[in-house]
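Student:
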Amino acid sequence: MAKVAFLGLGVMGYPMARHLKAKGHEVTVYNRTFAKAERWVSENGGRAMKTPREATEGQDFVFACVGNDDDLRQATLGPDGAFHGLKPGTIFVDHTTASAEVARELYAAAKEKGAAFIDAPVSGGQAGAENGVLTVMCGGDADVYAKAEPVIMSFARACRLLGPAGSGQLTKMINQICIAGLVQALSEGVHFGKKAGLDIEAVLDVISKGAAGSWQMENRGKTMNEGKFEFGFAVDWMRKDLAICLAEARKNGASLPVTALVDQFYADVQKMGGKRWDTSSLIARLER
27 MAKVAFLGLG VMGYPMARHL KAKGHEVTVY NRTFAKAERW VSENGGRAMK
77 TPREATEGQD FVFACVGNDD DLRQATLGPD GAFHGLKPGT IFVDHTTASA
127 EVARELYAAA KEKGAAFIDA PVSGGQAGAE NGVLTVMCGG DADVYAKAEP
177 VIMSFARACR LLGPAGSGQL TKMINQICIA GLVQALSEGV HFGKKAGLDI
227 EAVLDVISKG AAGSWQMENR GKTMNEGKFE FGFAVDWMRK DLAICLAEAR
277 KNGASLPVTA LVDQFYADVQ KMGGKRWDTS SLIARLER
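Under this note's numbering, the residue at position 257 of the sequence shown is numbered 283, and the numbers go up by one with no gaps.
See below:
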């Protein structure tokens, strides 16, 4: 069992840290709102620290799951950042969905301290975190990943190294690009079926067994039809992720016409008051 710190106890980090503790690891937590870290400790045991640096000192592994590039830099390189507390040999695993650029930056900064860094964004949403069945996409050195994988699997059902630093973030971008197109297509299909007067649940039951089937159809088709959008990953977060995808595409020359269009559709949902609706709310703009 390892000495582990977890930085960031949001809707993802809170249960991820709990799974680490349940697997027998010695867990120290940090959260910007210290009361939340204290609550986590009261429920799970372990220790709470008031700065990322304090939480990191003496740890074998440090996990982070914060909001964006700026939050990640503050938590790692800021005045009380985690990197000031890294000991040689510590492995820092970042689960934030961020840019490939910041992943490479932190990989180099960790290496200067004799530590290691893996970018490891996740897919599976809040439910995946709660149930310990996340998919983890990793970038970094193979020998470091081999040490980290057994610990990561405390809250994952699949974990894979995709290449050097930044590769995990690039893979997460592909994940979000694919989801954006799928959800828009599913929204249009359900909308079309309703306009045609069909029994949507029956339609989805049939077509989900064929080539049109997908996780989104199985898990969100019925709730989209019912106009329910309270199932986790919010529109605001998706727009943050798609902005990262589009920025990377401008750098590498990739053409993402559908992604750019769906991003604007999500902007319409935000204007409708749907900032905290889940991503399946794309159908709402079709039914205004």
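Just so you know, even glycine gets a beta-carbon here, dropped at the ideal spot from N, CA and C.
Give the straight-line distance between the Cα atoms of S125 and N157, rounded to the nearest whole angstrom.
Tutor: Taking the straight line from one Cα to the other gives about 27 Å.
Student: Name, in chain order, the residues that DSSP records as bridge partners for D145.
Tutor: According to DSSP, which records beta bridges pairwise, D145 is partnered with D120, G165.
Student: Run through the region 166-245 for me and flag every whole beta strand (DSSP E) of 3 or more residues, listed as ranges in chain order.
Tutor: Segments of the beta strand (DSSP E) lying fully in the region 166-245: 182-187.
Student: With the cut-off set at 8 Å, would you say G258 and G151 are in Cβ contact?
Tutor: For G258 and G151, yes; Cβs fall inside 8 Å.
Student: Contact defined as beta carbons within less than 8 Å: I believe L33 pairs with A101. What is the distance between those atoms, to the nearest angstrom?
Tutor: Indeed, because the Cβ distance is near 6 Å, the residues count as touching under 8 Å.
Student: So the candidates are S180, F87, D145, M179; which of them puts its Cα closest to the Cα of D167?
Tutor: Ranking S180, F87, D145, M179 by Cα distance to D167 puts D145 first.
Student: Of all the options A174, K29, E83, K49, which has the alpha carbon lying nearest to the alpha carbon of D120?
Tutor: It is A174.
Student: Taking only three categories from DSSP, how would you classify A28?
Tutor: Note: A28 maps to coil in three-state DSSP.
Student: Measuring only the C-alpha atoms, how far is L282 from K266?
Tutor: Answer to the nearest angstrom: the Cα atoms are 16 Å apart.
Student: Taking contact to mean 3 or more Cβ pairs, one atom from each stretch, closer than 8 Å, check whether the region 206-213 and the region 246-253 are in contact.
Tutor: In short, these stretches touch, since the Cβ pair count reaches three.
Student: Alpha carbon to alpha carbon, how far is N57 from E127?
Tutor: Approximately 24 Å between the Cα atoms of the pair.
Student: I'd like to know whether the C-beta atoms of V295 and R311 end up nearer to each other than 8 Å.
Tutor: It is a contact, given that the beta carbons lie within the stated cut-off.
Student: Leaving out five residues on either side along the sequence, give the residues of the same chain with a beta carbon under 7 Å from the beta carbon of M243.
Tutor: Closer than 7 Å at Cβ, skipping near neighbours: L212, L230, S234.
Student: With burial defined as no fewer than 16 other Cβ atoms inside 10 Å of the residue's Cβ, what is the status of M27: buried or exposed?
Tutor: M27 should be labelled exposed.
Student: Does the distance from the C-beta atom of A108 to that of R79 stay below 8 Å?
Tutor: Cβ atoms of A108 and R79: closer than 8 Å.
Student: Taking the C-alpha atoms as reference points, what is the distance between D289 and L268?
Tutor: Rounded to whole angstroms, D289 to L268 spans 7 Å at the Cα level.
Student: Once you ignore the five residues that flank M199 on each side, which residues in its own chain have a CB closer than 7 Å to its CB?
Tutor: Cβ neighbours of M199 beyond the five flanking positions: I270, C271, E274.
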